[in-house]
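Per numbering that gives the first Met the number 0, the sequence shown runs over residues 0 to 434. Backbone N, C-alpha and C fix where the C-beta goes; we use that ideal spot for every residue, glycine too.
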Amino acid sequence: MAEVETQEIEAVDVPENFAEQISRDVMVIFQKQMDPEIAAAESSAYIWKNTGTPEKVSYFVDATELWQGSRSNVDKFAALSWNGLVTQSVNNQDYDTFLRIMISTILKGFYGLEKPDVDYKDKRFSGYTVIIGNTFIRMVELNPANDANASDLYSLLVHIEMDLEAESQAEEEETGTSTIPTDMQELYDEVIEYLAERGMFKPDPMSGGEENPNAHIEALCERLRSTRRFVIQEVINERAIEKRKKLEMELENQLASAEEIVLVAPQFTEGMAFFVQEKRYNFKYFSVEKIRLTLQLLGSITGAVYFLLGFMGVWGIHWIDGLVVCLVMLVFVRFAASRKQLQFFYPTDISKELEECSTAFLNVMRNMSQEQLEQFLVRQIKLERNQKYLSMVPEFMKYLYAIMPDRKSMMISVDELSELVENSEIEVAKQLRGQ
Numbered sequence: 000m001a002e003v004e005t006q007e008i009e010a011v012d013v014p015e016n017f018a019e020q021i022s023r024d025v026m027v028i029f030q031k032q033m034d035p036e037i038a039a040a041e042s043s044a045y046i047w048k049n050t051g052t053p054e055k056v057s058y059f060v061d062a063t064e065l066w067q068g069s070r071s072n073v074d075k076f077a078a079l080s081w082n083g084l085v086t087q088s089v090n091n092q093d094y095d096t097f098l099r100i101m102i103s104t105i106l107k108g109f110y111g112l113e114k115p116d117v118d119y120k121d122k123r124f125s126g127y128t129v130i131i132g133n134t135f136i137r138m139v140e141l142n143p144a145n146d147a148n149a150s151d152l153y154s155l156l157v158h159i160e161m162d163l164e165a166e167s168q169a170e171e172e173e174t175g176t177s178t179i180p181t182d183m184q185e186l187y188d189e190v191i192e193y194l195a196e197r198g199m200f201k202p203d204p205m206s207g208g209e210e211n212p213n214a215h216i217e218a219l220c221e222r223l224r225s226t227r228r229f230v231i232q233e234v235i236n237e238r239a240i241e242k243r244k245k246l247e248m249e250l251e252n253q254l255a256s257a258e259e260i261v262l263v264a265p266q267f268t269e270g271m272a273f274f275v276q277e278k279r280y281n282f283k284y285f286s287v288e289k290i291r292l293t294l295q296l297l298g299s300i301t302g303a304v305y306f307l308l309g310f311m312g313v314w315g316i317h318w319i320d321g322l323v324v325c326l327v328m329l330v331f332v333r334f335a336a337s338r339k340q341l342q343f344f345y346p347t348d349i350s351k352e353l354e355e356c357s358t359a360f361l362n363v364m365r366n367m368s369q370e371q372l373e374q375f376l377v378r379q380i381k382l383e384r385n386q387k388y389l390s391m392v393p394e395f396m397k398y399l400y401a402i403m404p405d406r407k408s409m410m411i412s413v414d415e416l417s418e419l420v421e422n423s424e425i426e427v428a429k430q431l432r433g434q
């Protein structure tokens, strides 16, 4: 609920009959002044001066209740004072502040059950509902044009109560407890329900076409329903705009900056080069390993053949010589054809370097929007330093997505990334044709 500014009034002792004193003084002002506008201005100034703080505004609400509970025609002063405050608030911010304080205090009392309920036509309404409803009805009875002021007051009630509910809901989500009961009907809905009951009229079937004496209440109720629909939709739209702005701000804060994208471009090029080398690593490794195992196998076969020739005494070879040669060949090939001796022929494992470059780029890539990433890829495809590995750009992007640890944190979706990869393949094909 929006915070309201209050005037600073020195703390004074409030008499026990303060509400009665306010009701008498305001009645005197309206009875003494013949000009309604002057009376409204004087009464508003008096009310603001004496009850214009959150601690004292409840006494004005109590004075309203006293007017409505008094003898006939005294309740008009409740309507006159409320109507005067709304009229004067157009040109005086203090009175607008007072009305906001009053509505907030009424809502606090409504949800705090500070006033006893009132029974009307077998239905029970809050005391605050009856005060607001009766005041609105009397305002319209004094002058039908006052329904506009009643609508303004009701609009303020809907706004403040919706803000209060939003704050309570946010607090409940955060702490598990809410400031207002969640099972209570909203005050603005209960006011409409009360007015609908007051405006209901059942004509006597024996008297024929009897005119509805509560037609003005029905018209007021319908106008307030329209106000409720308009204000609720307005608040929903405002919150949607605020939420969208907040999301856009968060998105803007999360998006990678141009400086980050420029600084990470070399890591992309280096990572792509390492990716190509790493992709060829297994092929080169197995080629060298195949040669090494072949050498070991040939040496072992040679030693075994020489041992057999010596064992059979062929060509004058003694079996002991054959055994010695066989053992020497086995030991020799194990040493000469070992991985250590052929390490210079094996490809260099650059998986660590590839991981470092890929991680550096991924930290920026996850915060890039679809437009940013698309522009980055197009620029990388056209750079001369990337022409050597141009055809590997789409493959490298697929690899980056495959090793990304937390894919849900990406600013773009999987579908958008797939579309980017397809577009990069098209750009690569165009670039290759251009060469």
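What residue range does the alpha helix (DSSP H) around residue i cover?
i    : result
Y127 : 126-141
D188 : 186-198
T50  : 35-50
D151 : 146-174
N362 : 350-364
V85  : 75-87
S22  : 17-31
Q369 : 369-381
For residue i, which of helix, strand or coil comes out of DSSP?
i    : result
V392 : helix
D121 : coil
Q106 : Looking at the sequence shown, residue 106 is not Gln but Leu. L106: helix per DSSP, three-state reduction.
D61  : helix
D182 : coil
P212 : coil
K429 : helix
P265 : helix
E9   : With a pLDDT of 41 at E9, under the threshold of 50, the predicted position of this residue should be treated as unreliable, though the coordinate-derived value follows. Three-state DSSP puts E9 in coil, outside helix and strand.
S337 : coil
K242 : helix
S417 : helix
N236 : helix
S71  : coil
S177 : coil
I411 : coil
S225 : helix
K55  : coil
N385 : helix
L112 : coil
N422 : helix
M403 : coil
S299 : helix
K278 : helix
K201 : coil
Please state if the CB of residue j and the CB of residue i are separated by a distance shorter than 8 Å.
i    : j    : result
I380 : S417 : no
V332 : L294 : yes
V139 : N145 : yes
F76  : M26  : yes
I131 : V190 : yes
I402 : S368 : no
F360 : V427 : no
S106 : E160 : For the sequence presented, residue 106 should be read as Leu rather than Ser. Yes. Within cutoff.
I100 : V60  : no
L372 : L329 : no
A522 : Y388 : Since the first residue shown for the chain is 0 and the last is 434, residue 522 is missing from the structure and cannot be characterised.
F124 : D116 : yes
E41  : Q30  : no
C325 : G270 : no
T50  : I28  : no
R365 : M396 : no
V157 : V230 : yes
Q92  : S43  : no
I216 : R197 : yes
E277 : S390 : no
D24  : Y58  : no
Contact defined as beta carbons within less than 8 Å: I believe residue i pairs with residue j. What is the distance between those atoms, to the nearest angstrom?
i    : j    : result
A18  : L65  : 6 Å
Y193 : T104 : Wrong, their Cβ atoms sit about 19 Å apart, outside the cutoff.
W47  : Y119 : Their Cβ separation, rounded to whole angstroms, is 32 Å, which puts W47 and Y119 out of contact at 8 Å.
E171 : S177 : 4 Å
F375 : I260 : 6 Å
A147 : L219 : Actually they are not in contact, since the Cβ atoms of A147 and L219 sit about 11 Å apart, beyond 8 Å.
Y398 : F274 : 6 Å
I102 : L141 : With 8 Å as the limit, I102 and L141 do not qualify as a contact, their Cβ atoms being about 21 Å apart.
F306 : L322 : 6 Å
Could you check whether the Cβ of residue i sits closer than 8 Å to any Cβ belonging to chain B?
i    : result
Y119 : This model lacks chain B altogether, as it is built from one protein chain only.
Given 8 Å, three or more beta-carbon pairs between the stretch 166-177 and the stretch 219-231: no
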